[in-house]
Every structure is written in structure tokens, then in C-alpha cells.
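To keep things clear, I will list the structure first and then write my remarks on it.
So, in C-alpha cells, the structure goes:
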């Protein structure tokens, strides 16, 4: 078994969370190895997958500091000026907008593949970040001295030792299981179908979340007269929607959103994703940490997923750099414990709150329907509540 170099930090997963974390650490000068089972070509040239990511101002600030935001093509960044929540045919709409005199948007939408490409391009600017691709992690274990990652690569079986091992390998994290850390998995029993559509009416840079009985539809504004359409339906009915012709699907989408955008045309293929949430019971182990979806995998309805993942990367990197600057062990329980406390305080209320929203707005029980209508009426008149939500969206670095 061949022993690889001994980096300071080994990151398992070269998705948005893993690459963001590598960049957050890059300025420290620590040696970093990012491990992924995908070929390099797939990481470098990520393809359109239908997902558009909502980012708040704090995420924008972090990505600007990392040099990533500047790499997005100008036409790939779509400002989000307003957000509305619509409950079936009810005339009551919960409306979130900036209450100050600023013309800055609530947030931004960027395609997932554009984020991945920009992260990879920026990683290439740092000599202390190594990408190890086509490497399948077969085992991870740690001790008081270091963490050990066992790999199957195109060159045979190898091991890698690092002062700290960080897993960023999705909400279904295999590495989390290898380290004996449990997670509460929540299967929402629904499938999300996403695609881009053109429409005759202006979206006015307004995101709309339309809750109908049995399914939901989100409209995310992109370029002029184009939007990302996200339809969430019970898993048992997803095949029915998926099997519709493009023409029938387009008519279904128009009807679902009450013809708010006029005549629509399908621009891309449809992509489907099962909706499963995950909350890890611990975020750390001995010389080990979880970030991104491996720590907390969100339901997309409140658009917190990538923002939380980026915060986890930024928070852990900050604790590591503080330890390094004061001469402490970067993989110590003191460092990791500080990260866990901070990220749990941030993420757990958001995760639990999102699940309450999902339950309330997808339950067909008559009492739930009444509660939904009441929530929208009350929410619109609770100015402090609306301000709190809006401030969370526009919070800055």
C-alpha cells in the first residue's frame, strides 16, 4: 500500500462545500488535499444540472473575498429583488421586500454548474491545494496523532495521513458512516423537478413560492423573461409528471402558476431530485469534521442550503486559522469543538424551522389548510417578523 504525501488537511469531496473550504483555508499556507471519485474533467467543466442556487449577501461577501464571485460571467448572476409566498388560490400573499431605501437586491441566483466551475478555476490559483481525482475512499479512521484515509485510485491502493480530515461528501455521506457518526435522515416523500423556461410576461426579478394542495411550484427569476421552474410533487406522482411530453409539461406548468407569466416555452431538459433532509447528530470526531450537506442537508424550500454550507466552511476555516496563528494544533478538539458549537447554533434552528414550514405547507389536512391561510394573513402584518426574514437574506460580511 503506497503512502501519499502528508498534507495538513484532507478534504473528501470536491463539490461546492469542499472546494469552498479549501479556498477558505488557502491563505493560511497549510497544505491541502481535496479528494474526489470523479474524473478531473467532470469537476473542471461541471455541466448544467438544472439547479439554480439562491445566495444571500453574506455568501456573496465570502465568495468575493475568495476571488470566486468575480469569476462568474456577468450574465450568470441574477438579482432577486422581491419574494412572495402564495397559498393555492388564496388572495393572501406573504411578501418579502427591502424596506430601506437601498436598491440592492434581497439576494442572487447563480446556476450550480457556474458555481462549481468558478470554484475549480480559483482553486487552480493556489499551489498549496492539491486535487486528487478518481480516488474512491474505502475507509477513514483517526487517532490522537492524525487521520488516515484509505483510497482506491487508478494507480492502486493508497493511504493518506493528515492532521485533520474533513468530509464534504453530500448529505448521504459515506465518510460520516465510516467515522461512526449518525444522522437524522428525513425523507420528505417528494421529488423536485427543475427546468428553465421562457415566458411572455416579465418576472420583475421576483421569486414566487406557490403552495398547492399536494405539490408546490417555485418560480426563480433568471434573465429577461426566463425563469427556473421548480415543481415539487409526491414521489408516487413524479413519474407521471416526468413522462409528460414537453408540450403537456409546459401546459401543466402554466396552469400550476395560474398563468402568471403568460405563455411559456421549455428551454432545457428536466432534471429530477428526490428530497431528503439530513441533520448530523455530531459535526466532529477525533481529528475529523463534517461540513456542507454532510453536516446539514436542507430542504430547498427556504433556499438556505448553499448559504449554510458556505458558512460551515468559513466557520471551520476561521477556527483552524486562529489555532494556527496562535501555535495550536489545528486538529485539536478545542478547535473542532468551537466550530461545532457555532455551526450548530446557526444551522439547527434553520433546519428545524424549515421542516415546520414544509410540514405546514404540504399537509392536506383541513386544519393545516386553515393554519396556512392564517399564517399568511398574520405574517403580512407582523412587520418585525418580515424584517427579521429580510435581514437574514441581506446580511452582509
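Numbering (the working numbering), first residue to last: 1 to 397.
Using N, Cα and C, we set each Cβ at its ideal position, and we do this for glycine too.
**Prompt:** Do the CB positions of residue 275 and residue 246 come within less than 7 angstroms of each other?
**Reply:** Within the chain shown, numbered from 1, the residue matching residue 275 stands at position 275. Within the chain shown, numbered from 1, the residue matching residue 246 stands at position 246. Cβ distance not < 7 angstroms, so residue 275 and residue 246 don't count as in contact.
**Request:** Count the other CB atoms, across all protein chains shown, that sit within 10 Å of the CB of residue 182; report buried if there are 16 or more and exposed otherwise.
**Result:** Residue numbering aside, residue 182 sits at position 182 when the chain shown is read from its first letter. Result: exposed.
**Message:** Any heavy atom of the ligand PLP closer than 6 angstroms to the beta-carbon of residue 320?
**Reply:** Absence of the ligand PLP from the depicted structure is noted, as is the absence of any ligand whatsoever, leaving it without description.
**Prompt:** What are the start and end residues of the alpha helix (DSSP H) that includes residue 200?
**Reply:** Translated into positions along the chain shown, residue 200 becomes position 200. Here residue 200 belongs to no alpha helix (DSSP H), and DSSP marks it neither H nor E.
**Item:** Residues of its chain near residue 285, where Cβ-Cβ distance is below 7 angstroms and the 5 sequence neighbours each way are ignored
**Value:** In the chain shown, residue 285 corresponds to position 285, counting from 1. Result list for residue 285: 142, 179, 181, in chain order.
**Item:** Where the beta strand (DSSP E) containing residue 130 begins and where it ends
**Value:** Working through the chain shown from its first residue, we reach residue 130 at position 130. It spans 129-132 - the beta strand (DSSP E) in which residue 130 sits, taken as one unbroken run.
**Request:** State the DSSP-derived secondary structure class of residue 68, mapped to helix, strand or coil.
**Result:** In the chain shown, residue 68 corresponds to position 68, counting from 1. Note: residue 68 maps to coil in three-state DSSP.
**Request:** Look up residue 212 in the DSSP assignment and give the residues it is bridged to.
**Result:** To locate residue 212, count along the chain shown from 1; it is residue 212. DSSP lists 215 as partners of residue 212.
**Prompt:** Got a sec, what are the start and stop residues for the alpha helix (DSSP H) residue 283 sits in?
**Reply:** Mapped onto the chain shown, residue 283 falls at position 283. Unbroken run through residue 283: none, as it is neither H nor E.
**Request:** Run through the segment 107-180 for me and flag every whole alpha helix (DSSP H) of 4 or more residues, listed as ranges in chain order.
**Result:** 112-123, 174-178
**Message:** Can you confirm whether the segment 199-218 touches the segment 68-88 when touching is taken to mean that 3 or more C-beta pairs between the two stretches lie within less than 8 angstroms?
**Reply:** yes
**Message:** Tell me which residues share the same chain as residue 15 and place their Cβ nearer than 6 angstroms to its Cβ, disregarding the 5 neighbours each side in the sequence.
**Reply:** Here residue 15 refers to the residue found at position 15 of the chain shown. Closer than 6 angstroms at Cβ, skipping near neighbours: no residue.
**Asked** Between which two residues does the alpha helix (DSSP H) harbouring residue 314 extend?
**Response** What you label residue 314 is simply residue 314 of the chain shown in a count that begins at 1. Start and end: 305-325.
**Asked** Between the C-alpha atoms of residue 258 and residue 251, what's the straight-line distance to the nearest angstrom?
**Response** Residue 258 sits at position 258 when you count from the first residue of the chain shown. Residue 251 sits at position 251 when you count from the first residue of the chain shown. When rounded, the distance between both Cα atoms is 11 angstroms.
**Message:** So residue 32 and residue 9 are supposed to be a Cβ contact under 8 angstroms. How far apart are they, rounded?
**Reply:** Working through the chain shown from its first residue, we reach residue 32 at position 32. Working through the chain shown from its first residue, we reach residue 9 at position 9. Indeed they touch by this definition, with Cβ atoms about 5 angstroms apart.
**Request:** Over the uninterrupted beta strand (DSSP E) stretch that includes residue 233, give me the two end residues.
**Result:** What you label residue 233 is simply residue 233 of the chain shown in a count that begins at 1. Here the beta strand (DSSP E) through residue 233 covers 226-234.
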